[in-house]
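Engineer: In order, the protein sequence lines correspond to chains A and B. So the first sequence is numbered by my numbering: it starts at 1 and just counts up by one. So the second sequence is numbered by my numbering: it starts at 1001 and just counts up by one. Glycine is no exception: its CB is placed at the ideal position from the N, C-alpha and C atoms. In this text the structure is predicted, and so the values were computed from the model without any measurement. This is the structure I have questions about; it appears just below.
2 protein chains.
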Amino acid sequence: MDSEQSRSRRPGRRRGATSASEPAPGAASASYRHLHNPFEPLRVLSEDEVAQIHEAALSILENDGMRVLLPEARGKYAAAGAAVDESTEIVRLDRSLIEAALKTAPASIAMSAPNPERNVVIGGRNVAVVPVSGPPNASDLDRGRRPGTLRDLHELLKLAQSFDVIHMLGPSIEPQDVPPPFRHLESTLAQLTLSDKVPFVYSRGRPQVEDCFAMIRRAHGLSQEAFQGAVYTYTNINTNSPRQLDIPMAQGILDFAAAGQLLIITPFTLAGAMAPITVVGALALAHAEALAGITLAQLVRPGAPVVYGGFTSNVDMKSGSPAFGTPEYVKASFGTGQLARHIGLPWRSSNATASNIADGQAVYESQMSLWGALLGGCNLLVHGAGWLEGGLCASYEKFIIDVEMLQMFAEIFKPLITNAEEIGLDAIAQVPPGGHFFSTAHTMQRYRSAFYTPLVSDWRNYGQWQEDGALTVTQRAHRVWRATLERFAPPLKDAAVVEALTAFVERRKAEGGAAPVS
Amino acid sequence: MDSEQSRSRRPGRRRGATSASEPAPGAASASYRHLHNPFEPLRVLSEDEVAQIHEAALSILENDGMRVLLPEARGKYAAAGAAVDESTEIVRLDRSLIEAALKTAPASIAMSAPNPERNVVIGGRNVAVVPVSGPPNASDLDRGRRPGTLRDLHELLKLAQSFDVIHMLGPSIEPQDVPPPFRHLESTLAQLTLSDKVPFVYSRGRPQVEDCFAMIRRAHGLSQEAFQGAVYTYTNINTNSPRQLDIPMAQGILDFAAAGQLLIITPFTLAGAMAPITVVGALALAHAEALAGITLAQLVRPGAPVVYGGFTSNVDMKSGSPAFGTPEYVKASFGTGQLARHIGLPWRSSNATASNIADGQAVYESQMSLWGALLGGCNLLVHGAGWLEGGLCASYEKFIIDVEMLQMFAEIFKPLITNAEEIGLDAIAQVPPGGHFFSTAHTMQRYRSAFYTPLVSDWRNYGQWQEDGALTVTQRAHRVWRATLERFAPPLKDAAVVEALTAFVERRKAEGGAAPVS
């Protein structure tokens, strides 16, 4: 076993030949733009058990129902034949309604980005990644932890634009220096000017959504009708578990479905708190809530693009603290993937951690989440880069570390080529026992691109690493995001479009913007 | 998406109700003593491609052969019909020899520990874990990085004994304050007195191996004959890639096979350096070398217990630095698992990283290694806890962080129970929309054991975490290993046995010990 260290006659490491302190030139690789997951999804449930959980969800919707706070949404359900109790606002859904909805929901969704090279397909074996979305706080090693600002939002969007393994945008931070009625305007303007990837729109009520849709139409140069013919943006709908759909979320379903824009329906079910304490119980409740939301979308517009969102984790039963990337989280992920495939919809998962800093816990919980999502067959990974504190903070350093892990997965997804040429029996015959392969033709032909070049990993030996300041990966990630922002150049945009969008935002701000609906 | 943070109405986190600074009482759980991996192994190769790599390996052994430095081993090969060139020391093996050897090698191996509760089965869906093995250096936050000592060896053995998710012992550190001729004596004495798990013996030449076998026989109270009838210890054999088997390693194969003790045959093939630059080329070379070692063991004693060892990674082609837990490493792991199953042998993998400290890089590379091993179907995980610097350092803090990850895997392996009782439709019906499940009978019956209790993760919110010193997971791991050592009580041992072992060591030291063979 000592052989693994001392006998292996490691090749000498040339001084200064490489350093992780500068971002690798290959960090943005076009080959990461369309990820295809080659692995058969892992299963934690038998087919019978999947059917049993699906049945349980149908019985929850039939017997217990969902409380739906928006009268317009209750009206849609009632018109389709659901039993609506207006005094309790409870909507009970017959299984035939759900089954009909599942027949019209598409299995795969093509998203159109401002730059067609950034178009994304959600479904099948495709994997699309969205950065951290929604935290009120930001943190980095220069400025510490603070309330998120518009500057943070701009910087995080620039980071999201800079790495090809991030496929769509998200509301990476809540800019608390922007008044709430203006945030959607600033956020949409920033997404449409700093990036050419698919933008996100919050469902915080119809007035905001209408503003954002108008801006996206302008960016693409589309009529209202043309806009509704393809999918240009997306939102996330969280049910208010257990069994409740609030007003802005219900409005979001109605408005996005009507416009043919993508809805992710994501119950946030913490086992032991807002959901049963068992993983299978939490999955049954989440499945019921997701089915209720998916059905509403299909009632509004049959064929409306919807993604089955899963966010089941557990709490610490001693303190009530939510936990993420736990063993229960991983099993819930695999099970959620199975339920999504059972109903034939694309599945959204997350890269989550409860850690308060970008340390080893953040990494092991996040990577557990990532394997749970990716081996579970996830199609859309939200919070892909930068999430900390159970979603209460967006960390710049964590963003870079997550990108490193995502790029590693992108490389793992690339198939091995196995043929005589690649195996290289000639090279093996040429190298004498105990020799090395550095100078064989087989090596020389391949050495530039044979292996993944890391973004932030440092593989130098202890002495070299120490001489260079003994930086942790978090400190090196700090250098990488700074260098990335310094190098950033926004994608080319039509000046007239930028001017029109800016004028729109100015006008709407002058008019008072649009307050969020609650 | 803000719903995932602010709308979820997280349960309040009670102040001080939990803290990760003390080790969880459940850290040593008997349920971790026998791990069963329920997942179908992942594949990166088709069956045809596996067969093609196996064929390539057979052709390497037939045409190019292995250089075998030990005359006695060449003699064994020659007697079985191999073509041996004594001038070059090259041994060429016909495929019929290999095929015959694979017929006698057992598919599963039962290991007998000093305490029968610590017996281990290696093979099938079982997973056994060994701690970090072999580094010359140790590090922890109190004492920094330094050459390993006997005290470090004792402490690391105590840690290995303390966690049930570590199943067998390893030479966790090279005690550099002990003269080389005495190290095997001190190491074996320590393993047999501080622990009741299966001990490790280095293959550093016959004289040392004979001492260690004598001590293990004494510990178990066995005759030489009885000792050879079951498997009480194990060693690791690294071929000297490419295509070379040195003297102590060859002697180890002869001696362990003759005694019926377990051999792990592990080529250490770094793609681009001591192996072809392609993953499939490195796998073909590793497979050939493993087959040569396995065959030698079976020639010595048909049925000798052998594990197929895999350690294929890649180097940084700019600097020559070895890298671990890379995308190529993960794919090589999945492929190695497939090759092991192709020949019907248990498979050994590793938990590896090139990081110089127990930071996020150490964690993401290690966890990549762990998923590569465990989803690849690994039976024996070496370097399971504590490895840093590509094996040049054993870190106490990393040990604890790895144990946390291993325990998480042990929990992920536990099947979900899916039935009406577990789903809990009654509980779901009882809790009103927007309510919580804390006080339902379904929760109350299960809350004590529903979820994994972490060893070192801190799930408290940012304010509580900061008030408690804002410790990183590495700093918390430091507290955990210290508390574990403070609490440590060695397993009960027969005083006469301990006295006899101590007397043996004293006598052999007085006689000069046994120098390693090279």
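1) Does the pairing of the region 74-90 of chain A with the region 49-59 of chain A give three or more beta-carbon distances under 8 Å?
2) Which of the residues in the region 425-441 of chain A, read from start to end, lie with their CB under 9 Å from any CB of chain B?
3) In the DSSP assignment, what residue or residues form a beta bridge with F1311 of chain B?
4) Give the straight-line distance between the Cα atoms of R1507 of chain B and F1182 of chain B, rounded to the nearest whole angstrom.
5) Per the contact definition of three or more C-beta pairs closer than 8 Å, is the region 1322-1332 of chain B in contact with the region 1357-1375 of chain B?
6) List the residues of chain B that N351 of chain A touches, going by C-beta distances under 9 Å, in chain order.
7) When you compare only the Cα positions, how much space is there between Q1191 of chain B and R1482 of chain B?
8) Can you say whether M1444 of chain B is buried or exposed, counting buried as having 16 or more other CB atoms within 10 angstroms of its CB?
9) Please give the ranges of any beta strand (DSSP E) in the region 346-404 of chain A, keeping only runs that are unbroken, at least 3 residues long and fully inside the region.
10) Give me the chain A residues within the contact set of Y1234 of chain B, using Cβ-Cβ distance strictly less than 9 Å, ordered along the chain.
11) G1252 of chain B by DSSP, collapsed to three states: which one?
12) So with CB distances below 7 Å, who are the chain B contacts of I357 of chain A?
13) Tell me which residue opens and which closes the beta strand (DSSP E) that P1147 of chain B is part of.
14) Compute the beta-carbon to beta-carbon distance between D1140 of chain B and S1395 of chain B, rounded to the nearest angstrom, for a pair I have assumed lies under 8 Å.
15) Among A:S350, A:L296 and A:W465, which has the Cα closest to the Cα of A258 of chain A?
16) Using beta carbons (cut-off 8 Å, strictly below), is K158 of chain A in contact with chain B?
17) Applying the criterion that 16 or more other CB atoms from any shown protein chain within 10 Å of the CB defines a buried residue, is S223 of chain A buried or exposed?
18) Report buried or exposed for H1442 of chain B, applying the criterion of at least 16 other Cβ atoms within 10 angstroms of its Cβ.
19) Could you check if A1282 of chain B is buried or exposed, using at least 16 other CB atoms within 10 Å of its CB as the buried criterion?
20) Going along chain A in order, which residues have a C-beta closer than 9 Å to the C-beta of R1460 of chain B?
21) Beta carbon of V209 of chain A, beta carbon of R118 of chain A: below 8 Å?
22) Apart from the five residues just before and just after A1080 of chain B, which ones in its own chain have a Cβ nearer than 7 Å to its Cβ?
23) Whether or not the region 1487-1494 of chain B and the region 343-361 of chain A are in contact is what I'm after, with contact meaning three or more pairs of Cβ atoms, one per stretch, closer than 8 Å; do they touch?
24) Does the beta carbon of G1337 of chain B sit closer than 8 Å to a beta carbon anywhere in chain A?
25) Might you give, ordered along the chain, the residues of its own chain that have their beta carbon closer than 6 Å to the beta carbon of S1518 of chain B, omitting 5 neighbours on each side?
26) Is the beta carbon of G1391 of chain B sitting closer than 8 Å to the one on S1333 of chain B?
27) Can you tell which of B:R1479, B:I1053 and B:F1451 has its C-alpha closest to the C-alpha of S319 of chain A?
28) Looking at the secondary structure, which residues open and close the alpha helix (DSSP H) in which S1139 of chain B lies?
29) So which residues of chain A does D1401 of chain B contact, with C-beta pairs closer than 9 Å?
30) If we count the other Cβ atoms within 10 Å of its Cβ and call it buried at 16 or more, is G1303 of chain B buried or exposed?
31) Express the C-alpha separation of A214 of chain A and A1410 of chain B in angstroms, rounding to a whole number.
32) Determine, using beta carbons only, whether E1049 of chain B and T418 of chain A come nearer to each other than 8 Å.
33) Going straight from the alpha carbon of Y202 of chain A to that of H220 of chain A, what length do you get?
34) So if I threshold CB-CB distances at 8 Å, which residues from the region 1054-1088 of chain B count as touching chain A?
35) Could you check whether the region 275-293 of chain A touches the region 1427-1435 of chain B, counting it as contact only if at least three pairs of C-beta atoms, one from each stretch, sit closer than 8 Å?
36) How long is the line joining the alpha carbons of A515 of chain A and S187 of chain A, rounded to whole angstroms?
Structural biologist: Based on what the coordinates show:
1) no
2) L425, A427, I428, A429, V431, P432, P433, G434, G435, H436, F437, F438 and T440
3) B:F1268
4) 11 Å
5) yes
6) Per Cβ cutoff of 9 Å: no residues; N351 of chain A is ~12 Å from chain B at best.
7) 20 Å
8) exposed
9) 347-350, 380-382 and 393-395
10) Those within 9 Å of Y1234 of chain B in chain A number zero; the least Cβ separation is about 10 Å.
11) helix
12) T1472
13) G1144 to P1147
14) Approximately 7 Å separates the beta-carbon atoms of D1140 of chain B and S1395 of chain B; this is inside 8 Å, confirming the contact.
15) A:L296
16) Cβ-Cβ to chain B under 8 Å: no for K158 of chain A.
17) exposed
18) Looking at its Cβ environment, which holds 16 or more other Cβ atoms inside 10 Å, H1442 of chain B is buried.
19) Buried is the call here.
20) Neighbourhood of R1460 of chain B in chain A, by CB distance below 9 Å: D316, S319, S321, A354 and N356, in chain order.
21) no
22) Excluding positions up to five away in sequence, the list reads L1097 and L1299.
23) Not touching, per the Cβ criterion.
24) no
25) none
26) no
27) With distances taken between Cα atoms, S319 of chain A lies closest to B:F1451.
28) That residue, S1139 of chain B, is in no alpha helix (DSSP H); its beta strand (DSSP E) goes N1137 to D1140.
29) According to the sequence shown, residue 1401 of chain B is Ile rather than Asp. Chain A residues near I1401 of chain B: G360, Q361 and Y364.
30) exposed
31) 51 Å
32) yes
33) Each residue's alpha carbon lies about 19 Å from the other.
34) Cβ contacts with chain A: A1056, S1059, I1060, N1063, D1064, M1066 and R1067.
35) yes
36) 14 Å
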